[in-house]
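Take a look at the structure below.
Residue numbers (this note's numbering): 1 to 267.
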């Protein structure tokens, strides 16, 4: 009994160690038994499987395209956040919405060319080498009665109007059928005129305009250097061509070009 009291711990330790040794032996035998029950492992090439279906990335690609190509921010036109609309009252009391104002709201309704016309009328008299010419400057061909003035011309001599020189004739000297002119302004030399075939050239233009914010504003038959006011701001026409009118702001000197085509006539 005395022996057990003195060696109690050692005896317990030995029992535990024996139990652990027995557990290890049992586990080894159990592992051998389990391995025997498992099917044999065959090592070979992996089985063939079909390739995965391609992923549908259209939604993501569309989102990426929207990010890389953002829409343009429009701060003009019908967008009124930064361009508030102005309302004006007509003489009859109705309200009209003004989307544009100033020269941008001008519309060219017509452009009228004004012509210089030179024609041969008749010789000044029998045996004379002086020729009676008819001149019309800055005239509208739509007019029925054109105002023409008469002047006398002699070959290679300066005429009163200063528009041309007589450089040659066809036919008899005292009664030519055609007269050759040199036009001073343009330098043209091969210009032949007769009683039925005059020389015509558009030298200037008149423009008919309208201004929707103020339809009563008189803007018909305007010419270069004409001045007028739009919403109490001064403007001046600085150029008229066969298809456009250029208007200058008298305060800022900014120039605005208003294009015109015959199809818009009467708009």
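The C-beta atom is built at its ideal place from N, Cα and C for all residues, glycine as well.
Any idea if residue i is buried or exposed, counting beta-carbon neighbours within 10 angstroms, 16 or more meaning buried?
i: residue 55; result: exposed
i: residue 118; result: buried
i: residue 253; result: exposed
i: residue 136; result: buried
i: residue 216; result: exposed
i: residue 47; result: exposed
i: residue 43; result: exposed
i: residue 211; result: buried
i: residue 269; result: Coverage of the chain is limited to positions 1 through 267, which leaves residue 269 absent and any answer about it impossible.
i: residue 103; result: buried
i: residue 27; result: exposed
i: residue 255; result: exposed
i: residue 240; result: buried
i: residue 51; result: exposed
i: residue 67; result: exposed
i: residue 11; result: exposed
i: residue 8; result: exposed
i: residue 20; result: exposed
i: residue 219; result: buried
i: residue 32; result: exposed
i: residue 198; result: buried
i: residue 245; result: buried
i: residue 15; result: exposed
i: residue 24; result: exposed
Could you tell me which residues DSSP pairs with residue i in its beta bridges?
i: residue 211; result: 106
i: residue 178; result: 170
i: residue 122; result: 132
i: residue 112; result: 206
i: residue 154; result: 130
i: residue 200; result: 117
i: residue 222; result: 207
i: residue 183; result: 164
If you compare alpha carbons, which of the options is closest to residue i?
i: residue 261; options: 254, 208 and 225; result: 208
i: residue 122; options: 111, 109, 172 and 110; result: 172
i: residue 162; options: 183, 150, 177 and 146; result: 183
i: residue 113; options: 203, 50, 69 and 102; result: 203
i: residue 94; options: 213, 138 and 158; result: 213
i: residue 258; options: 111, 132 and 174; result: 111
i: residue 157; options: 120, 181 and 18; result: 181
i: residue 169; options: 17, 160 and 192; result: 192
i: residue 230; options: 6, 72, 107 and 38; result: 107
i: residue 242; options: 201, 228 and 219; result: 201
i: residue 132; options: 224, 154 and 57; result: 154
i: residue 187; options: 177, 164, 206 and 18; result: 164
i: residue 109; options: 206, 61 and 39; result: 206
Check this for me: beta carbons of residue i and residue j, under 7 Å apart or not?
i: residue 222; j: residue 234; result: no
i: residue 152; j: residue 130; result: yes
i: residue 159; j: residue 179; result: no
i: residue 128; j: residue 175; result: no
i: residue 226; j: residue 237; result: yes
i: residue 120; j: residue 194; result: yes
Note the first and the last residue of the continuous beta strand (DSSP E) segment covering residue i.
i: residue 11; result: Residue 11 -> not in any beta strand (DSSP E); alpha helix (DSSP H) instead, spanning 8–37.
i: residue 259; result: 255–259
i: residue 230; result: 227–230
i: residue 143; result: Neither: residue 143 is in no beta strand (DSSP E) and is coded neither H nor E.
i: residue 236; result: 233–240
i: residue 249; result: 244–249
i: residue 191; result: 191–193
Under DSSP, the alpha helix (DSSP H) around residue i begins and ends at which residues?
i: residue 68; result: 58–68
Does residue i have its Cβ less than 7 Å from a Cβ in chain D?
i: residue 92; result: Reference to chain D is not applicable here, since this structure consists of a single protein chain.
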